[in-house]
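J.: Under my numbering, the first residue of the sequence shown carries the number 672, and numbering increases by one thereafter.
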Amino acid sequence: LGVSQDFKEAAQWVRKAADQGHTEAEYNLASLHASGRGVDLDLAEAVRWYRKAAEKGKASAQSNLGVYYASGQGVAEDPKEAVQWFRKAAEQGHRSAQYNLARAYAAGKAIPQDKIEAYKWFVLAADQGDPDASREKLELSLEMTSADLAEGIRRASALSQRLQANQPPALEELLPVSGQ
Numbered sequence: 672l673g674v675s676q677d678f679k680e681a682a683q684w685v686r687k688a689a690d691q692g693h694t695e696a697e698y699n700l701a702s703l704h705a706s707g708r709g710v711d712l713d714l715a716e717a718v719r720w721y722r723k724a725a726e727k728g729k730a731s732a733q734s735n736l737g738v739y740y741a742s743g744q745g746v747a748e749d750p751k752e753a754v755q756w757f758r759k760a761a762e763q764g765h766r767s768a769q770y771n772l773a774r775a776y777a778a779g780k781a782i783p784q785d786k787i788e789a790y791k792w793f794v795l796a797a798d799q800g801d802p803d804a805s806r807e808k809l810e811l812s813l814e815m816t817s818a819d820l821a822e823g824i825r826r827a828s829a830l831s832q833r834l835q836a837n838q839p840p841a842l843e844e845l846l847p848v849s850g851q
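The structure is reproduced here in structure tokens:
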């Protein structure tokens, strides 16, 4: 467009919008702090702004917060907090959050190990094209019974249908099938 890129000036404008509570600006300012583009590289500041956007329901901010809590970058490491943020984003259909939540369930890190839930989240992430989720879904399936696989697929399908319809979860999605 004939205008040179100036991340410093862009960051100033983004900051003005973020200070007024604009969710996308909060997310973008966090991303600038996380990358050091136009502002100082400051992961604690990135976490602060991601949290503001995450608390307003922005799935990518929630997923990023989960990553920071899982890694302890910019914030004290807290795997339980990471799982909470991954879940919020995953339930909105965020692919990498679904993958990270699946890994948490598979490993039993910060939450009890649950292969059916892990499989469900791997299925959902894989269905969105995540190659790692596809591989780990296959590996996990080798450790599961056919009944557990069917239950994981049922749960994934129910959540996928709800996400497509943008509806709140039904009680039966949250409960196991009777007899299991």
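Idealized CB from N, CA, C, for every residue including glycine.
Looking at C-beta atoms only, is the number of pairs between the stretch 743-756 and the stretch 710-725 that lie closer than 8 Å three or more?
T.: Verdict: yes, contact present.
J.: Where Arg719 and Glu695 are concerned, what is the direct C-alpha to C-alpha distance, given to the nearest angstrom?
T.: Whole-angstrom Cα-Cα distance: 14 Å.
J.: Does the Cβ of Ala818 have 16 or more other Cβ atoms within 10 Å, making it buried, or fewer, making it exposed?
T.: Answer is exposed; the Cβ neighbour count stays below 16.
J.: Just the C-alpha distance for Gln769 and Trp792, rounded to the nearest angstrom, thanks.
T.: Going by the C-alpha atoms only, they are around 5 Å apart.
J.: Inspect the beta-carbon positions of Tyr776 and Gln784 and report whether they are closer than 8 Å.
T.: The answer is yes: Cβ separation under 8 Å.
J.: I'd like the list of long-range same chain contacts for Gln851, defined as Cβ closer than 6 Å, with 5 residues on each side in sequence excluded.
T.: Bear in mind that a pLDDT of 44 at Gln851, under 50, signals an unreliable position, so the model cannot answer this.
J.: Tell me, to the nearest whole angstrom, how far the beta carbon of Gly823 is from that of Tyr790; I am working on the premise that it is less than 8 Å.
T.: Yes, Gly823 and Tyr790 are in contact; Cβ-Cβ is about 3 Å, under 8 Å.
J.: State the CB to CB distance for the pair Ala730 and His704, rounded to an integer number of angstroms; the pair is presumed to be in contact (CB under 8 Å).
T.: Not really, about 19 Å apart at Cβ, beyond 8 Å.
J.: For Leu813, is the classification buried or exposed, using 16 other Cβ atoms within 10 angstroms of its Cβ as the cut-off for buried?
T.: Classification for Leu813: exposed.
J.: If you draw a straight line from the alpha carbon of Ile787 to that of Ala760, how long is it in whole angstroms?
T.: Cα to Cα, Ile787 sits roughly 19 Å from Ala760.
J.: In angstroms with no decimal places, state the Cα-to-Cα distance between Ala688 and Asn735.
T.: Going from the Cα of Ala688 to the Cα of Asn735 covers about 20 Å.
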